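Visitor: Dropping the structure in here first, questions after.
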Amino acid sequence: MAKNLVIVESPAKAKTIEGFLGKDFLVKSSFGHVRDLVKKGVAVETNNNFLPKYEVSVEKGKVVAELKKLSKEAQVVWLATDEDREGEAISWHLAEALNLDEKKIKRIVFHEITKGAILNAIANPRSIDKHLVDAQQARRILDRLVGFELSPILWKKIKPSLSAGRVQSVAVRLIVEREREISTHNSISSYKVSALFISNGNNFKAELKTNFKSAQDARAFLEKCKSATFTISSLEVKPAKKTPSAPFTTSTLQQEASRKLGYSVKRTMIVAQRLYESGKITYMRTDSVNLSETALEQARTTIGKNYGSKYINIRTFKNKSKGAQEAHEAIRPTYLEFPTVDSERDEARLYELIWKRTIASQMADAELEKTTAIISISTTNENFVAQGEVIKFDGFLKVYLESSDDEEEDENNETKEGMLPPLKMGQNLEVNKITATQRFTHHPARFTEASLVKKLEELGIGRPSTYSPTISTVQDRGYVIKEDREGTPRKYDVLTLLSGNITEAVQQENTGAEKSKLFPSDIGMVVTDFLKLHFPNIMDYNFTAKVELEFDDIADGKVQWQDMLESFYRPFHKTVETTEEKSERASGERLLGVDPQSGKNIYARIGRFGPLVQIGEADEVEKKFASLKKNQRLEGITLEDALELFKLPRIAGQFEGKDMKVAIGRFGPYIQHNSAFFSIPKEDDPLKISNERAIEIILAKRKSDAEKEIKAFRGEGRDDIRVLNGRWGPYFCIGKSNYKIPKDREPISLTLAECLALAEDQEKNMPPFKRALLAKKAALEAKKAPKGKKPAALKVSATSQVSKLNKTPVGKKTAIKKPAKTTARVVKKKAKSKKK
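With the numbering used here, the residue at position 368 of the sequence shown is 396, and numbering never jumps.
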C-alpha cells in the first residue's frame, strides 16, 4: 500500500497529478465537498454561537468510506484541494469526516498543475488555514440563514416554492432596475450631419460637432452649405499610445470569453476548470492580475523569439476591483511557449484567448499618430471635424485587442477612424455630399451575463468563486430569463445635399433587437419590490459589498466569524419577524380597467402558476382568469391585451373529427386535440392560429415523435427502454435516465441485453452524485406510479438502473462512522429515527 495518500477534488485533477508522483503516492478524488450543512431545517444553532450541524452527503458515503480506509493505511495524508476558501474548507471537512490524525495531515497548495509546482508544494507543506475555513463557513452559514428565513416569507406573502438569497437577490435587483430604466426611457431624435470631402482625388469623412433637433433645422443647414466654401482652419497631428489590458482575472475572462467566443459564464468556467485540471492553465478562480517571476521570464523569452526584442515590455499591473486578493496569480497558460493546445474545440479556443491576453500584457505599447482637421464653413459658424488614426508601431496589437460591452461605442465604430489623405492648413476642399440622418437616443443597455459580472465586481458584490453560481441561480429559479428578442422596424429620415440639390428619403432600420440579454421575469420583479420594501439592507448594494469585505477580514484573521454573524443576524432576524407579522401579501397587482361585458374590474397579477389577468375581485367566488403570453409582462400589459387573452381557450377548428382547442397553460400556449397536447411555436400567436396551421403543428409533432424513436423493446417486456435520436446524436433511455451509445455501435442493432450492459458500465463510472440522481429519479417515478403497480424503470437499485443487476436495495445507505468531536455538530443520517 502507498505510504502517501493525496486527496484532490476531481478525478481529472487526480489523473494529472498522479503522473508527476512516484509509486509511493496514491492520488484519489473526493468528488468535491463531502460534507455540508444538514439539509433539513436551518442546521445552525443561532443561540449557541452559531454552531453548525454538518452531515456527510448521502451520495458521498462510499467515497468517504473508501478514503477513510485508505487514510488509515497511509503514513501521510496530503490534502491537495484548491487554494481558495472553498478548497480550504473541503480540506477541513475531509479531515473531520475521515477523522484524520492531525500529525498525519499535510496541506499543500499550488496555483498550477505542473510537475514543478506539485513537487514544490510537496516540499513546502503547511497546515489547514483555519481563517480561510472560517471565512467559507461564515459565508455558508450566513447564506443558509438568509435563505432559510426569507424563503418561507416569500411563500406566504407571494407564492409557494420561491427562494431568496443574499447575493442572488441583489443581482436580480440590478436587472429589474435596468429594465425599469429602459421602460421609462423616452427616445429623442436628432439629426446627425456628416460630409464626404475630396482632397487630391481621395474621399474622407467628416462630422459636424453638433446635432440638429429637427428636420427643418437640418434642412436649413444644408441650404447654407449649397453656396459655402469649406476650408481647413486647423490641422493637428499628435502621437498617441494604446496600452495592453492586464492578464485575465476570473471576471475579465468571463467577460471576454462572452464577447469574443460567445460563451456563457457557466460554460467559460467549466472549460477553464478542464484546462486547469489537465495542467494547461493556472487556477481559474482569482481576482489578481499579478504574474509570477517565472511567467514573466517565459513571456520575455516567447515574445523575443516570436516577435523580436522591440516588442518586449515587461510590466506589472495593479488590481482595480474592490476586495482583490493580490496573493494569487492571474489566469495564464502554464507554459507560455505553447500558443495552442491539442484539445477539444472549446478548450483550444479558450486557451488561445488566455495565451494571447497574457502575452499581449507583456508587449510594448502600440504607437499611433492621430490627426484632427477642423473644416470651417463660410456661410455658418458650424465646423466639420475629420479625424484619422495611423498605427506607427503595432506593439501588442500584433497579438490581441480587447473587446467592449459598450453598444454605443460599437455603433460609433461603424465610422472607425482610418487614415486621412494629405491635408494642408488653409486648403479649400471639394464636397462630394452632405447627409443629415435622423438618429435616436439609446436606452441603457440590458445586461449580458458578462456585463452583469462586470457590474457585480465593480460594486464589490461576490467574489471570483461566486459570479458563475449567482448568475446560474437567478436563471434556474426563474427570476431572470436569458433570451434573444427580435427588433421592431423603425423609419427614419435622411436629407442629402448632392450636386446642389437637397433630397429627402425615408429609410427603415431594425431597432431593439437583443442577443443573449438578461430580462427580469414578472415574479423576479414582484419579489425584488417586496424585498426592497421590507429588507432594505439585504437589497442594498453597499451593504452587500460590506458583508463581502467582512468575509475578507475573517479570512485575514482580523474578525471572529461568530462575531460577524452575530452583528448581521440579530437585526436581520428581527426584521424577518416583523415582516412575517405585519406585511401584506404581494402580487404585483395592477388595475387595468373594466370589462365591458360584465362591468367588473380587470387586474394583472402574479398567481400560483405565474402571471395572469383576472376579471373580478379577490373575494369573489366566480372569477375568470387568463395566463399571459410569453412575450407579455405584468408591468406592460394593457386592458386591450387582457381582453384579447380572455378569448382563450378557443376552438381553432376540427381535425380527425375532434376539436382543436387553443389555450395558454403553465408552460405556454398549446393545442389540445383528442387528449394530446401540442406546444405552439413561439412565432405563432395563439389568438390567431388558423385551422390549417393547427393541423400543421399536430402533424409536425407526430412526425417528429415517430422519427425520434429508432428502436423499442416493448415486445420483450421493457417498454421503459427506448433507443432514440437526440440533438447530439443517438442515445438510449431507461425510464427518464439517458445513456450514451458508443460510436462503434449501430443504434438500430442494439439488443436489450446490450443496452442493460452499457447502462451498468456507464453507471459504474459515474460520479457518486450522478448515481444519487438516478436513485432520486427512480424514487420520484415510484411515487407517481398507480398504487400497486411499480413502473418498469423502477425495477432497479439506487446505484444502477439495470433491473437484473440489483446489489443494494433502494433506500439502503452505507453506514458512516461518527467522526471525532469537532467545532461543528455532525448529524448522521439514519434509516429509521426512534424519535417521532
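The C-beta atom is built at its ideal place from N, Cα and C for all residues, glycine as well. Values in this document were obtained by computation on a predicted structure and should not be read as measured data.
Of all the options V690, A704 and S703, which has the alpha carbon lying nearest to the alpha carbon of D712?
Guide: Residue nearest to D712 within the set V690, A704 and S703 is V690 (criterion: CA-CA distance).
Visitor: Run through DSSP, which three-state label would Y520 get?
Guide: strand
Visitor: Per DSSP, which residues does W106 bridge with? Please list them.
Guide: V34 and K134
Visitor: Please name the residue in E735, F596 and I499 whose C-alpha comes closest to that of I203.
Guide: I499
Visitor: Can you give me the C-alpha to C-alpha distance between W183 and A192, rounded to a whole angstrom?
Guide: 10 Å
Visitor: Suppose only complete runs of 3+ residues qualify. What are the beta strand (DSSP E) ranges in the segment 530–572, listed by chain order?
Guide: 542–548
Visitor: Would you mind sorting T277 into buried or exposed? The rule is 16 or more other CB atoms within 10 Å of its CB.
Guide: buried
Visitor: Below 7 Å between beta carbons: does that hold for I260 and M447?
Guide: no
Visitor: In the DSSP assignment, find the unbroken alpha helix (DSSP H) run with G69 in it and report its ends.
Guide: Element bounds for G69: n/a, residue is neither H nor E.
Visitor: Indicate whether P775 and I738 have their beta-carbon atoms separated by less than 7 Å.
Guide: yes
Visitor: How many angstroms separate the CA atom of N347 from the CA atom of A274?
Guide: 9 Å
Visitor: Hey, quick one: how far does the alpha helix (DSSP H) through S496 stretch, first residue to last?
Guide: Y495 to D504
Visitor: Suppose you measure from the CA of I402 to the CA of D370; what does that come to, to the nearest Å?
Guide: 53 Å
Visitor: Indicate the three-state DSSP secondary structure (helix, strand or coil) for K689 in the structure shown.
Guide: strand
Visitor: Measuring alpha carbon to alpha carbon, tell me which residue in N411, R313 and E325 is nearest H356.
Guide: That would be R313, whose Cα lies nearest to the Cα of H356.
Visitor: Buried or exposed for I226, please, with buried defined as at least 16 other CB atoms from any protein chain shown within 10 angstroms of its CB.
Guide: exposed
Visitor: Residue range of the alpha helix (DSSP H) that Q642 falls in?
Guide: For Q642, there is no enclosing alpha helix (DSSP H); the residue is part of the beta strand (DSSP E) that begins and ends at G638 to I643.
Visitor: I'd like to check one pair, K237 with L224: are the Cβ atoms closer than 7 Å?
Guide: no
Visitor: Could you check how far apart the C-beta atoms of F558 and I186 are, in whole angstroms? I think they sit under 8 Å.
Guide: 6 Å
Visitor: Can you look up Q829 in the DSSP assignment and give me helix, strand or coil?
Guide: Per-residue confidence for Q829 stands at a pLDDT of 43, beneath the threshold of 50, marking its modelled position as unreliable; the derived number appears in the next sentence. In the structure shown, Q829 adopts coil according to DSSP, grouped into three states.
Visitor: Tell me, please, which residues DSSP counts as bridged to I679.
Guide: K689
Visitor: Within 10 angstroms of its Cβ, does R742 collect 16 or more other Cβ (buried), or is it exposed?
Guide: exposed
Visitor: Thinking C-alpha only, which one of I118, F571, R618 and I679 is nearest V137?
Guide: Comparing Cα positions, the closest option is I118.
Visitor: Classify K856 as buried or exposed, calling it buried when 16 or more other Cβ atoms lie within 10 Å of its own Cβ.
Guide: With a pLDDT of only 43 at K856, under 50, the local geometry of the prediction cannot be trusted, and no value is derived from it.
Visitor: Per the DSSP calculation, P267 is bridged to which residue(s)?
Guide: E397
Visitor: Below 7 Å between beta carbons: does that hold for R113 and R135?
Guide: For R113 and R135, no; Cβs fall outside 7 Å.
Visitor: Going by beta carbon distance, what residues of the same chain come within less than 6 Å of K658, once the five residues before and after it are set aside?
Guide: G696
Visitor: Using the C-alpha atoms, what's the distance from G332 back to Q326?
Guide: 10 Å
Visitor: Determine the DSSP secondary structure at Q390, reduced to helix, strand or coil.
Guide: coil
Visitor: What does a CB cutoff of less than 6 Å around L281 pick up in its chain, not counting 5 residues either side in sequence?
Guide: I359
Visitor: So within the segment 726–808, which uninterrupted beta strand (DSSP E) runs reach at least 3 residues, ignoring any that extend past its ends?
Guide: Those beta strand (DSSP E) runs which fall completely within the segment 726–808 and span 3+ residues are 737–741, 746–754, 757–762 and 765–768.
Visitor: Please classify W589 as buried or exposed, where buried requires at least 16 other C-beta atoms within 10 Å of its C-beta.
Guide: So W589 ends up on the buried side.
Visitor: Does DSSP classify D512 as helix, strand or coil?
Guide: strand
Visitor: Let me know if K846 comes out buried or exposed under the rule of 16 or more other beta-carbons within 10 Å of its beta-carbon.
Guide: The predicted model places K846 with a pLDDT of 40, which falls under 50 and marks its position as unreliable; any figure quoted below should be read in that light. The residue is exposed, with fewer than 16 neighbouring Cβ atoms inside 10 Å.
Visitor: Kindly identify the DSSP beta-bridge partner or partners of L54.
Guide: L33
Visitor: Check whether the segment 70–77 touches the segment 329–344, counting contact only when three or more Cβ pairs, one atom from each stretch, lie closer than 8 Å.
Guide: no
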